[in-house]
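Right, one structure below, let's go through it.
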Amino acid sequence: MHTLQPLQHPPENEAELLLQARRLAGLTLGELAFLAGLTPPADLKRDKGWIGMLLERWLGASAGSKPEQDFAALGIELKTIPIDSLGRPLETTFVCVAPLTGNTGVIWETSHVRHKLQRVLWVPVEGERAIPLAERRVGSPLLWSPDPHEDEQLRRDWEELMDLIVLGQVERITARHGEVLQLRPKAANSKALTEAVGAQGQPILTLPRGFYLKKNFTAALLARHFIT
DNA sequence: AGTTGATCATCT
DNA sequence: AGATGATCAACT
Numbered sequence: 001m002h003t004l005q006p007l008q009h010p011p012e013n014e015a016e017l018l019l020q021a022r023r024l025a026g027l028t029l030g031e032l033a034f035l036a037g038l039t040p041p042a043d044l045k046r047d048k049g050w051i052g053m054l055l056e057r058w059l060g061a062s063a064g065s066k067p068e069q070d071f072a073a074l075g076i077e078l079k080t081i082p083i084d085s086l087g088r089p090l091e092t093t094f095v096c097v098a099p100l101t102g103n104t105g106v107i108w109e110t111s112h113v114r115h116k117l118q119r120v121l122w123v124p125v126e127g128e129r130a131i132p133l134a135e136r137r138v139g140s141p142l143l144w145s146p147d148p149h150e151d152e153q154l155r156r157d158w159e160e161l162m163d164l165i166v167l168g169q170v171e172r173i174t175a176r177h178g179e180v181l182q183l184r185p186k187a188a189n190s191k192a193l194t195e196a197v198g199a200q201g202q203p204i205l206t207l208p209r210g211f212y213l214k215k216n217f218t219a220a221l222l223a224r225h226f227i228t
């Protein structure tokens, strides 16, 4: 029998992962939820990570809250990305938390950002709020690694942002810094604080920040996929 | 508070 | 309308 069902185990290799991801293309979130025995929330207001969790389940990713890649054995990270009717991203993409202390001497080549983005399975999902959550369709997946140009774009932004962090300027950084990679708050709320470096090199408390891919970057990466 | 999964809601 | 800054949930 060939009933479509979530992978019960982590995929053995890239081909198995990609094959399963391709099977999901064209199906709705409601169908995938039903087949997985889940009930979709009415909207994502209080369940912002629901789609990501659903796709993790279908693709056999190690569940949610582990500090490693989704497919550790394959070195692959899973990212669902909300898109509009033309395939363009509706949101920026969270990459990882930014380290705000202990950064003297860190370099791009061994950074968390570069490691996270080394190989990513992108799964586009219709994201317009006019479409009821259960009716939104999953798109065709893209297994991606940064090409030399993309790596260079990311490196430049990362170095600029990390320089400011190291120099105690984290609170002067806004989301406008960076062409393709930005730094924004990543916290439960504005009361959650973490340690960082102040302008005089002293410890300060500030909002935890995360690195996010700007939409121009993910739009280009998805577009490259659509034409090839 | 920190990790994972992200989108919301307000402002320009 | 689109981007920025703020926030939600589950688990540890």
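Here UniProt numbering is used: position 157 in the first sequence is 157, and no number is missing along the way.
Ideal Cβ positions, reconstructed from N, Cα and C, are used throughout, including at glycine.
All values reported here derive from a predicted model rather than from experimental measurement.
Residue i (DSSP reduced to helix, strand or coil)
i: L193; result: coil
i: E77; result: strand
i: T218; result: helix
i: I83; result: strand
i: L100; result: coil
i: T92; result: coil
i: L44; result: coil
i: T228; result: With a pLDDT of 48 at T228, under the threshold of 50, the modelled position of that residue is not reliable, and no figure is offered here.
Spatially closest choice to residue i from the options, by CA coordinates
i: R88; options: H112, V123 and D151; result: V123
i: A175; options: E14, L29, E77 and F94; result: F94
i: I76; options: G102, T101, H112 and K116; result: K116
i: R155; options: A21, L181 and L54; result: L181
i: E179; options: L7, H9, G26 and L213; result: L213
i: L193; options: P185, A199 and A33; result: P185
i: Q200; options: V170, H177 and A219; result: V170
i: Q20; options: P208, S190, P141 and K191; result: P141
i: T104; options: E195, L44, D163 and S85; result: D163
i: Q5; options: P41, E56 and D43; result: E56
i: S85; options: E126, K79 and L54; result: E126
i: P132; options: M1, L44, E12 and R23; result: L44
Pair within 7 Å by beta-carbon distance, residue i and residue j
i: C96; j: F226; result: no
i: P82; j: E91; result: yes
i: L29; j: A130; result: no
i: R209; j: L183; result: yes
For residue j and residue i, the rounded distance between their alpha carbons
i: R46; j: A187; result: 15 Å
i: I173; j: L17; result: 38 Å
i: P148; j: R224; result: 15 Å
i: W144; j: R119; result: 6 Å
i: H112; j: V106; result: 10 Å
i: L59; j: P10; result: 7 Å
i: A25; j: L32; result: 11 Å
i: residue 235; j: E160; result: This structure cannot settle anything about residue 235, because the visible part of the chain is limited to 1 through 228.
i: L78; j: S62; result: 11 Å
Please specify which runs of the alpha helix (DSSP H), each continuous and at least 4 residues long, are wholly inside the segment 117-186, giving them in chain order.
148-166
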